[in-house]
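Everything in the sequence shown is counted per our numbering, starting at -19 for the first residue and increasing by one. Cβ coordinates follow ideal geometry from the N, Cα and C atoms, glycine included. The structure displayed is predicted, hence computed values, not measured ones.
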Amino acid sequence: MSNKMVLRDWSKKTKVKVEWVHYTVEFTVDADFGIPGAITVANNHQNEFFLETMTVEGFPSGPVHFPWNSWVQASKDHPLRICLSNKVKILIKLNQIP
């Protein structure tokens, strides 16, 4: 797991009235970590925001996309959200589902 990171220029873009706003986060993971399968997101602001997608770049196999298409509520209401990448496969035996 990488260290916590924050969005750059959040306060500069809060009053922007456009359809999409792009933010950048830079973080480092160990080379032996592999390809990330999930990202956790916490919203430390009062208002919710709509997160369409996240893309993590810098891997030899190419970028990893995290489709979200959901609102991220303030941490006081929902402390942490988890998003799976579009490359994650979850295997479940049907007889193990309650």
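* Going by C-alpha distance, which of Gln26, Glu37 and Pro40 is nearest Gln53? -> Closest option to Gln53, judged by alpha-carbon separation, among Gln26, Glu37 and Pro40: Gln26.
* Return yes when the Cβ of Trp51 is within less than 9 Å of the Cβ of Leu64, no when it is not. => In this structure, Leu64 keeps its C-beta atom at 9 Å or more from the C-beta atom of Trp51.
* To do: Under the assumption that Arg61 contacts Val36 (Cβ atoms under 8 Å), give the Cβ distance between them as a whole number of angstroms.
  => Not a contact, Cβ separation roughly 16 Å.
* Asked: Can you give the Cα-Cα distance for Ile150 and Lys56, rounded to whole angstroms?
  -> The requested residue 150 does not occur in the structure, where the chain is confined to residues -19 to 78.
* By the 10 Å Cβ neighbour count, where 16 or more other Cβ atoms means buried, how is Val5 classified, buried or exposed? -> It counts as exposed.
* Please check the pair Asn66 and Pro47, which I expect to be a contact at CB under 8 Å, by giving their CB distance rounded to whole angstroms. => About 6 Å; that satisfies the 8 Å criterion.
* To do: Please list the segments of the beta strand (DSSP E) lying wholly inside the segment -16 to 56, counting only runs of 3 or more residues, in order along the chain.
  => You should have 18 to 21, 29 to 36 and 44 to 52.
* **Residue-level contact to chain E via CB, Met34, 9 Å cutoff** => The structure shown contains no chain E; it is built from a single protein chain.
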